[in-house]
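Visitor: Take a look at this one; I'll ask things after.
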Amino acid sequence: MRCLLVGVLSLMAVSQVAAQNYVCTRSNGTRYASNLPCPNPGFVYYGPTQTQQNRPSYLPPAPPAAEELPYMSVECGAMYEGVRTAASRGVNHQDIASLRRAFQAKCSENQSEARRQLFQSKSDERKAQSEQKQSLSQQAAQNKEQDDRKRVQCAEMRSSIASRKARTNLSEGEKNDLSIFEQRYRDRCY
38 MRCLLVGVLS LMAVSQVAAQ NYVCTRSNGT RYASNLPCPN PGFVYYGPTQ TQQNRPSYLP
98 PAPPAAEELP YMSVECGAMY EGVRTAASRG VNHQDIASLR RAFQAKCSEN QSEARRQLFQ
158 SKSDERKAQS EQKQSLSQQA AQNKEQDDRK RVQCAEMRSS IASRKARTNL SEGEKNDLSI
218 FEQRYRDRCY
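Our numbering puts the sequence shown at residues 38 to 227.
Next comes the structure, spelled out in structure tokens:
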């Protein structure tokens with residue numbers, strides 16, 4: 038019985054060691070699986086994963102990616118993605134904690150800089166939108182002022198035309214001037 042128990046325990050230990058697989062990605066984008074941690078130069082570390090038979094039946098969805106991710110370096114972005122998607126890939130809690138520590142140790146400054154750049158980008162975008170709104174508002178005010186000025190001028194022209202037509206003793210020159218003035222009114226106000 039004792040021999041059977043030792044055999045089962047040693048089999049479990051071997052299966053645990055075999056369950057530690059690493060998915061490594063080279064800088065050119067090719068991936069390979071290994072039972073050893075990914076080497077540092079030229080490689081991006083995605084962390085240990087469990088084999089299919091040891092995966093839990095429910096894998097939670099990965100949380101949404103951070104907004105600063107596009108501003109991070111390629112290596113730190115890949116490490117961040119590895120940590121972010123670890124639970125949804127079935128990585129155990131201890132390995133996730135290890136991945137987080139490695140990410141914090143290597144990429145905390147990069148992530149802080151990425152957040153600063155994101156904040157600056159959003160600030161610049163808000164400033165540009167504000168300037169655009171202000172420009173559109175100024176343009177609308179100028180257009181309204183021009184429309185108001187034109188409306189007043191047209192009303193004055195209508196009044197002048199009406200008073201000239203009300204006169205019955207217009208000379209030929211005045212009738213000619215009235216005709217020209219009416220044409221200007223039509224061109225400007227219609």
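Quick reminder that beta carbons are idealized off the backbone N, C-alpha and C, glycines included.
Since we're looking at a predicted model, the values are computed, not measured.
1. Write down the C-beta distance between residue 133 and residue 123 rounded to the nearest angstrom, noting that I regard them as a contact closer than 8 angstroms.
2. Taking only the alpha-carbon atoms, compute the straight-line gap between residue 87 and residue 152 and give it to the nearest angstrom.
3. The alpha helix (DSSP H) spanning residue 109 covers which residue range?
4. Whole angstroms is fine: what's the gap from residue 154's alpha carbon to residue 110's?
5. I need the boundaries of the alpha helix (DSSP H) containing residue 160, first residue and last residue.
6. Quick one: Cα of residue 96 to Cα of residue 175, how far?
7. What is the DSSP secondary structure of residue 113, reduced to helix, strand or coil?
8. What did DSSP end up calling residue 127 once you bin it into helix, strand or coil?
9. Going by other Cβ atoms of all chains shown within 10 Å of its Cβ, with 16 needed for buried, is residue 180 buried or exposed?
10. Which of the three DSSP states is assigned to residue 213 in this structure?
11. Do you know how far the Cα of residue 114 is from the Cα of residue 149?
12. Counting C-beta neighbours from all protein chains within 10 Å, is the total for residue 136 16 or more, i.e. buried, or is it exposed?
13. Contact check, residue 140 vs residue 108 under 8 angstroms by CB: the rounded distance?
14. Can you name, in chain order, every residue of its own chain whose Cβ lies under 8 angstroms from the Cβ of residue 147, other than the five neighbours on each side?
15. Just the Cα atoms here: how many angstroms apart are residue 204 and residue 212?
16. Count the other CB atoms within 10 Å of the CB of residue 210; is the residue buried (16 or more) or exposed (fewer)?
17. Please classify residue 89 as buried or exposed, where buried requires at least 16 neighbouring CB atoms within 10 angstroms.
Guide: The answer reads as follows:
1. The count along the sequence shown starts at 1 and reaches residue 133 at position 96. The count along the sequence shown starts at 1 and reaches residue 123 at position 86. Here residue 133 really is in contact with residue 123; their C-beta atoms are around 5 angstroms apart, less than 8 angstroms.
2. Working through the sequence shown from its first residue, we reach residue 87 at position 50. Working through the sequence shown from its first residue, we reach residue 152 at position 115. At residue 87 the pLDDT is 48, less than 50, meaning the model places this residue with poor confidence and gives no usable figure here.
3. Translated into the one-based positions of the sequence shown, residue 109 becomes position 72. No alpha helix (DSSP H) contains residue 109, which DSSP labels as neither H nor E.
4. Taking the sequence shown and counting its residues from 1, the one referred to as residue 154 is at position 117. Taking the sequence shown and counting its residues from 1, the one referred to as residue 110 is at position 73. Taking the CA atoms as reference points, residue 154 sits about 12 angstroms from residue 110.
5. In the sequence shown, counting from the first residue as 1, residue 160 sits at position 123. Segment 130-203, the alpha helix (DSSP H) holding residue 160.
6. Reading the sequence shown from its first residue, position 59 is the one you call residue 96. Reading the sequence shown from its first residue, position 138 is the one you call residue 175. Cα to Cα, residue 96 sits roughly 55 angstroms from residue 175.
7. Walking along the sequence shown from the start, residue 113 turns up at place 76. Looking at residue 113 - three-state DSSP - the assignment turns out to be helix.
8. Counted from its first residue, the sequence shown places residue 127 at position 90. When DSSP states are grouped into helix, strand and coil, residue 127 belongs to the coil group.
9. As a working mapping, residue 180 is identified with position 143 in the sequence shown. With fewer than 16 other Cβ atoms within 10 Å, it is exposed.
10. Translated into positions along the sequence shown, residue 213 becomes position 176. When secondary structure is reduced to three states using DSSP, residue 213 falls in the helix class.
11. Looking up residue 149 in the sequence shown gives position 112. Looking up residue 114 in the sequence shown gives position 77. Rounded to the nearest whole angstrom, the C-alpha separation of residue 149 and residue 114 is 12 angstroms.
12. By 1-based counting over the sequence shown, the position of residue 136 is 99. For residue 136, the number of other beta carbons within 10 angstroms of its own is at least 16, and it is reported as buried.
13. The sequence position of residue 140 within the sequence shown is 103, counting from 1. The sequence position of residue 108 within the sequence shown is 71, counting from 1. Incorrect: roughly 16 angstroms between the Cβ atoms, too far for contact.
14. Counting from 1 along the sequence shown, the entry for residue 147 is found at position 110. In the same chain as residue 147, and ignoring 5 residues on each side of it, the C-beta atoms closer than 8 angstroms to its own belong to 109, 110 and 113, in chain order.
15. In the sequence shown, counting from the first residue as 1, residue 204 sits at position 167. In the sequence shown, counting from the first residue as 1, residue 212 sits at position 175. Using only the alpha carbons, I get a separation of about 10 angstroms.
16. In the sequence shown, residue 210 corresponds to position 173, counting from 1. Burial call: exposed.
17. Here the question's residue 89 lines up with position 52 in the sequence shown. Any reading at residue 89 is ruled out, since the residue's pLDDT is 49, under 50, leaving its predicted position unreliable.
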